[in-house]
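Student: Structure below; questions to follow.
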Amino acid sequence: MPEPGVLIAMPVDYPGYVVPGSLHGVCHKCRRGVWIAPSSWLILHDNPDIEVLCWVCAFAGMEKAPGEFMALTPAQLQEIEEWRR
């Protein structure tokens, strides 16, 4: 059986761009607050077994067990393009 995926999210206390419409979530490992963009809520809705991890926990885990990155969805790409404008 395949392992559940991981959604990497930006910590709430990180000084950076927050996608409009983002909602608060919680890192599955450290319980730190994270921002979850609207496109990512759709992914979580369609894939309830996915864990949400903050950048710190996700990157620490990658050192121990590297995995593969999934392609960005069209909605995620649109959010990035809006940020770049």
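For the numbering used here, count along the sequence shown from 1 and bump the result up by 86. Note that beta-carbon positions come from the ideal geometry of N, C-alpha and C, so glycine has one too. Just so we're clear, the structure is a prediction, and the values are computed from it rather than from any experiment.
Who are the Cβ neighbours of L130 in its own chain at under 8 Å, not counting the five residues just before and after it?
Tutor: For the purposes of this step, residue 130 is identified with residue 44 of the sequence shown, where counting begins at 1. Within the same chain, L130 has close Cβ partners L93, I122, I136, V138.
Student: Once you ignore the five residues that flank G111 on each side, which residues in its own chain have a CB closer than 7 Å to its CB?
Tutor: Within the sequence shown, the letter at position 25 stands for residue 111. Cβ neighbours of G111 beyond the five flanking positions: A95, V120, I122, V138.
Student: Quick one, are the C-beta atoms of D132 and R118 less than 9 Å apart?
Tutor: Taking the first residue of the sequence shown as position 1, residue 132 is located at position 46. Taking the first residue of the sequence shown as position 1, residue 118 is located at position 32. Not in contact: D132 and R118 (Cβ atoms no closer than 9 Å).
Student: From A151 to S125, what does the alpha carbon distance come to, in whole angstroms?
Tutor: Counting from one through the sequence shown, the residue named residue 151 turns up at place 65. Counting from one through the sequence shown, the residue named residue 125 turns up at place 39. Distance between the alpha carbons of A151 and S125: 26 Å.
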